[in-house]
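Numbering that gives the first Met the number 0 puts the first residue of the sequence shown at 0, with every later residue one more than the last. Note that beta-carbon positions come from the ideal geometry of N, C-alpha and C, so glycine has one too. Computed from a predicted structure; not experimentally measured. Step one of this worksheet: look at the structure below.
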Amino acid sequence: MTYLTRTIWLLSWISLVTDIASEMLYPVMPIYLQSIGFSVWIIGVLEGFAEAIAGLSKGYFGKLSDQTGRRTPFIRLGYGLSAVSKPMIAVFVYPLWIFFARTVDRLGKGIRTGARDALLSDEATTETKGRVFGFHRSMDTLGAVVGPSLALLFLYYFPGSYRNMFLIAFVPGLLAILLSLYLKEHTISPAKDKAPPVRFFAFLNYWKDSPLSYRRLVTGLLVFTLCNSSDVFLLLRIKQAGLSDTATIGIYIFYNLIYALAAFPLGILADRIGLKKIFLAGLVLFVMVYTGMSLTGSWLWYASLLLLYGLYAAATEGISKAWISTITDKKDTATAIGTFTGLQSICTMMASMLTGWIWYHFGAATAFLLTACIAFMVVVYLLVRVPAPDTHA
0 MTYLTRTIWL LSWISLVTDI ASEMLYPVMP IYLQSIGFSV WIIGVLEGFA
50 EAIAGLSKGY FGKLSDQTGR RTPFIRLGYG LSAVSKPMIA VFVYPLWIFF
100 ARTVDRLGKG IRTGARDALL SDEATTETKG RVFGFHRSMD TLGAVVGPSL
150 ALLFLYYFPG SYRNMFLIAF VPGLLAILLS LYLKEHTISP AKDKAPPVRF
200 FAFLNYWKDS PLSYRRLVTG LLVFTLCNSS DVFLLLRIKQ AGLSDTATIG
250 IYIFYNLIYA LAAFPLGILA DRIGLKKIFL AGLVLFVMVY TGMSLTGSWL
300 WYASLLLLYG LYAAATEGIS KAWISTITDK KDTATAIGTF TGLQSICTMM
350 ASMLTGWIWY HFGAATAFLL TACIAFMVVV YLLVRVPAPD THA
């Protein structure tokens, strides 16, 4: 597998250990927040606001990365901020402080995402982008298997000791910072000596200058995102059905294991039969999962749905970025991905708030069924209106 270069391996290992830190906390975050007095709606607001901050910064720093011709400084700073945010949550339990700590974490993600994905794209050819992004997603998501597993083990011996977990999560975050120091800068289009400063919303200008295929694809993806709220709601649904903390985390680990195992093979398959086909298959699985989540079942029912959800994630997350990088100019890769992920995060904020509101007023079943219906309409739109990338047309 000569296409897996040193840089790809490094970025994948950095993502893995960062995800160990983040995912140690993710499945217990809603439980912890409820234990200190957060309602379901406030949790939705918190997650949505944090994602919005990440999204706006993804666009800005993606554009800045393209203009300056630099990648590694953004990657290092981004992973550094995410690392230090973990112990911050353990310091105080005041709502404003929790909001601040989560914002720092998501800001770190926003700073690094465009530059990191552009660096991955630079390392791949048109024929290997699916597998390169798929491999990175597999390694990244493997951290989401190890992290919750460590959380499960820790809570077994120290039940309810959530705050100590936030302190422990700093260790793998620190390892990510150290690994990032070994990244080497690539030479891309040199920055102009007198280039104007990048305005915060300058990345939005890319929309009108981007290819038509990009605008059509991203439009469909953003409509889908408007109905695709934070995974926190899936965990709350499982918890609401009466499953224990251990069972909830266990099912979440199972989902991430499926995700990690499937992302690389599906990336290889996408390179062979087409990115669009694999992506649409993933969205169909999403519709099935959210329809199933509107029903109440046993732990086996939810485990089956999370298995399908893992396949959905593996077929869409890395594939969407590979698709975007294939239909845009190489010099604009970070801006294109940053613009998409930036707008995506704004939509995620709205989706999380809306889902929390619908859940609160009309119940979980209504929230999940409405999501499934909108997702199905997106499948039809992408099938009819968005062409496959030229390499697989």
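{"Item": "Cβ neighbours of R69 in the same chain (closer than 7 Å, five flanking residues each side left out)", "Value": "E184"}
{"Item": "Ordered list of alpha helix (DSSP H) runs contained in the stretch 111-192, each at least 4 residues", "Value": "128-156, 161-167 and 169-179"}
{"Item": "N- and C-terminal bounds of the alpha helix (DSSP H) containing K320", "Value": "W298 to T325"}
{"Item": "Where the alpha helix (DSSP H) containing A333 begins and where it ends", "Value": "T332 to F361"}
{"Item": "For G107 and G77, believed in contact at Cβ under 8 Å, the rounded distance", "Value": "5 Å"}
{"Item": "The stretch 260-267 in contact with the stretch 131-142 per 3-pair CB rule at 8 Å", "Value": "yes"}
{"Item": "Helix, strand or coil at V385 according to DSSP, with G and I counted as helix", "Value": "coil"}
{"Item": "Outcome for N255 when other beta-carbon atoms lying within 10 angstroms are tallied against a minimum of 16", "Value": "buried"}
{"Item": "Alpha-carbon spacing of M23 relative to W96, whole angstroms", "Value": "20 Å"}
{"Item": "Selected residue, minimal CA-CA separation from V283, among I373, A321 and A363", "Value": "I373"}
{"Item": "Collapsed DSSP secondary structure at S81 in the structure displayed", "Value": "helix"}
{"Item": "V83 at chain B interface by Cβ criterion, 8 Å", "Value": "Looking for chain B here will not work: only one protein chain is present."}
{"Item": "Where L152 falls, given that 16 or more other Cβ within 10 Å makes a residue buried", "Value": "exposed"}
{"Item": "Local conformation of P210 per DSSP, three classes", "Value": "coil"}
{"Item": "Cβ-based neighbour list, G341, same chain, cut-off 7 Å, excluding 5 preceding and 5 following", "Value": "G54, L55, K57, G58 and F202"}
{"Item": "For Y228, three-class secondary structure by DSSP", "Value": "Checking the displayed sequence, the identity of residue 228 turns out to be Ser instead of Tyr. Here S228 sits in coil by DSSP."}
{"Item": "Given 8 Å, three or more beta-carbon pairs between the stretch 326-339 and the stretch 109-119", "Value": "yes"}
{"Item": "Cut-off 7 Å between Cβ atoms - residues of its own chain near R236, not counting five sequence neighbours on either side", "Value": "M292 and A363"}
{"Item": "Stretch pair the stretch 230-250 + the stretch 314-328: three plus CB contacts closer than 8 Å", "Value": "no"}
{"Item": "Distance, K276 Cα to A89 Cα", "Value": "44 Å"}
{"Item": "Residue environment, K207, which counts as buried when at least 16 other CB atoms sit within 10 Å", "Value": "exposed"}
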